[in-house]
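A short write-up of the structure that comes next.
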Amino acid sequence: MSQVVDHLAELTGFRDRDVMDVTLVMALRDLLEPESAAIYRLVGEPGNERWLTRAHLRAGDAVASADPLWAKPEALPLSAEHPLRLEAMRSRSVTQVAQAGQWLYLFPIATDRDVIGVIEILSTRRLGTAAQRMVSSVLRIYHNFQGLLDYSERDTLTGLLNRKTFDESFLKVLSEIPHRPEVEHEAEDRRHETATPHYVLGVIDIDHFKSVNDRFGHLIGDEVLLLLSRLMRGSFRFHDLLYRFGGEEFVVLMRCDEEAHAGEAFERLRLNTERYAFPQVGRITVSIGFTEVRAGDAPAAAFERADKAVYHAKAHGRNQVHNYAALVASGVIQEATQLSDVELF
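Going by my numbering, 214 is the number at position 214 of the sequence shown; the sequence numbering is gapless.
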């Protein structure tokens, strides 16, 4: 019993979801001593859903393995390749199957809104009722703690990440960007350019949103914000980080192979918004600016660059997407020698 309590204390001692998932599979391995324990989540758009491995730990492993946060969807297994996981999610109940002298157990992982994945345990011996009940109890605590994190980290209206979580995510991204010397050999530089990921920060602002609130009231204004958040989820990938910063301002933090790919994603959102028939309000447009995150960036500096591109879009007709770097290169705006040191929070 004390071992269970110790693992629960460790599980709820973290606010990082990645660490929580790893801690959960480690706890299940120590408590049940199975051949393996893993967490799989179903991600992606309906019709093209994929399995993302959040944590996978075998009996002899010292460290859990996992798919990278920015994994490309096409590299992940399709949902249909693992029908037992889908069945456990559909039934919302524990599924057990005998496989070649071993037992496979699947426990659904649920949120307040939906079932999002499964815990998969492979054991050489059959788990008794008490063991299954213990796993279900641990998952309820895990679910409740995830709910507390959602309450503190997500915007209550849209369900997107809130502003206070942005700094931590930005610093994680920054840690993956290598500091490059001022002068590099051209051939070697070209090789590194293809291998080095690009991270982009975009700022999205609803055009004339104040007039929506003035003409239709704040309830309709809130509906517009909620519908736009859904359009954002449909326009970006499952691993792109989507934030509501407050009012009509939204932020996207994403990884892409090239800046051009980011521009395509933001243009997709602009078009999706322009074409969407918002109830009662009708046509709504957005102005978008984005910038590549640079080595050594501060959150406020990157945000300010993207915001300058938004300001340019609003000053030149709205309903546009602008790349800060392209605006500087064309001479439309000037690169500031020292961006504001004012913090976002």
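For each residue, glycine too, the CB sits at the ideal point set by N, CA and C.
What you are looking at is a predicted structure, and each value in this text was computed from that prediction instead of being measured.
Helix, strand or coil for residue i, going by three-state DSSP, please let me know.
{"i": "residue 208", "result": "coil"}
{"i": "residue 23", "result": "helix"}
{"i": "residue 330", "result": "coil"}
{"i": "residue 249", "result": "strand"}
{"i": "residue 316", "result": "coil"}
{"i": "residue 102", "result": "strand"}
{"i": "residue 301", "result": "helix"}
{"i": "residue 95", "result": "strand"}
{"i": "residue 221", "result": "helix"}
{"i": "residue 128", "result": "coil"}
{"i": "residue 238", "result": "coil"}
{"i": "residue 65", "result": "strand"}
{"i": "residue 229", "result": "helix"}
{"i": "residue 123", "result": "strand"}
{"i": "residue 177", "result": "coil"}
{"i": "residue 335", "result": "coil"}
{"i": "residue 71", "result": "coil"}
{"i": "residue 113", "result": "coil"}
{"i": "residue 194", "result": "No answer about residue 194 holds up, because its pLDDT of 45 lies below 50 and its placement is not dependable."}
Look at the Cβ atom of residue i, then the Cβ atom of residue j, and state whether they are nearer than 8 Å.
{"i": "residue 96", "j": "residue 104", "result": "yes"}
{"i": "residue 99", "j": "residue 124", "result": "no"}
{"i": "residue 158", "j": "residue 201", "result": "no"}
{"i": "residue 77", "j": "residue 44", "result": "no"}
{"i": "residue 323", "j": "residue 263", "result": "yes"}
{"i": "residue 328", "j": "residue 281", "result": "no"}
{"i": "residue 265", "j": "residue 287", "result": "no"}
{"i": "residue 56", "j": "residue 71", "result": "no"}
{"i": "residue 62", "j": "residue 26", "result": "no"}
{"i": "residue 228", "j": "residue 161", "result": "no"}
{"i": "residue 305", "j": "residue 291", "result": "yes"}
{"i": "residue 107", "j": "residue 118", "result": "yes"}
{"i": "residue 54", "j": "residue 21", "result": "yes"}
{"i": "residue 58", "j": "residue 36", "result": "yes"}
{"i": "residue 34", "j": "residue 139", "result": "no"}
DSSP beta-bridge partners for residue i?
{"i": "residue 108", "result": "118"}
{"i": "residue 162", "result": "244"}
{"i": "residue 321", "result": "288"}
{"i": "residue 51", "result": "42"}
{"i": "residue 200", "result": "254, 292"}
{"i": "residue 58", "result": "36"}
{"i": "residue 78", "result": "50"}
{"i": "residue 154", "result": "161"}
{"i": "residue 282", "result": "278"}
Between the options, which has its C-alpha nearest residue i's C-alpha?
{"i": "residue 244", "options": "164, 301, 111, 271", "result": "164"}
{"i": "residue 69", "options": "130, 259, 18, 279", "result": "18"}
{"i": "residue 294", "options": "287, 230, 303, 89", "result": "303"}
{"i": "residue 260", "options": "199, 279, 216, 152", "result": "199"}
{"i": "residue 120", "options": "89, 149, 258", "result": "89"}
{"i": "residue 289", "options": "325, 111, 168", "result": "325"}
{"i": "residue 91", "options": "79, 109, 80, 29", "result": "109"}
{"i": "residue 176", "options": "306, 28, 296", "result": "296"}
{"i": "residue 167", "options": "141, 252, 317", "result": "252"}
{"i": "residue 113", "options": "94, 275, 143", "result": "143"}
{"i": "residue 250", "options": "208, 132, 232, 38", "result": "232"}
{"i": "residue 170", "options": "335, 307, 301", "result": "301"}
{"i": "residue 298", "options": "237, 172, 272", "result": "172"}
{"i": "residue 330", "options": "317, 318, 309", "result": "309"}
{"i": "residue 248", "options": "33, 178, 285", "result": "285"}
{"i": "residue 83", "options": "75, 54, 122, 42", "result": "42"}
{"i": "residue 129", "options": "239, 32, 270", "result": "32"}
{"i": "residue 267", "options": "234, 239, 278", "result": "234"}
{"i": "residue 278", "options": "34, 30, 139, 216", "result": "216"}
{"i": "residue 135", "options": "38, 272, 81", "result": "38"}
{"i": "residue 270", "options": "207, 151, 140", "result": "207"}
If you count every other CB in all the chains shown that lies within 10 Å of the CB of residue i, and 16 or more means buried, which is it?
{"i": "residue 255", "result": "buried"}
{"i": "residue 320", "result": "buried"}
{"i": "residue 221", "result": "buried"}
{"i": "residue 203", "result": "buried"}
{"i": "residue 181", "result": "In this prediction, residue 181 scores a pLDDT of 49, lower than 50, which makes its location untrustworthy; the coordinate-derived value is nonetheless stated afterwards. Label assigned to residue 181: exposed."}
{"i": "residue 332", "result": "exposed"}
{"i": "residue 156", "result": "exposed"}
{"i": "residue 185", "result": "Bear in mind that the predicted position of residue 185 carries a pLDDT of just 42, short of 50, making it unreliable; the figure below should be weighed with that in mind. Under this definition residue 185 is an exposed residue."}
{"i": "residue 93", "result": "exposed"}
{"i": "residue 126", "result": "exposed"}
{"i": "residue 348", "result": "The requested residue 348 does not occur in the structure, where the chain is confined to residues 1 to 345."}
Closer than 7 Å to a non-hydrogen atom of the ligand HEM - does that hold for the CB of residue i?
{"i": "residue 33", "result": "Here there are no bound small molecules, and the ligand HEM is not part of this structure."}
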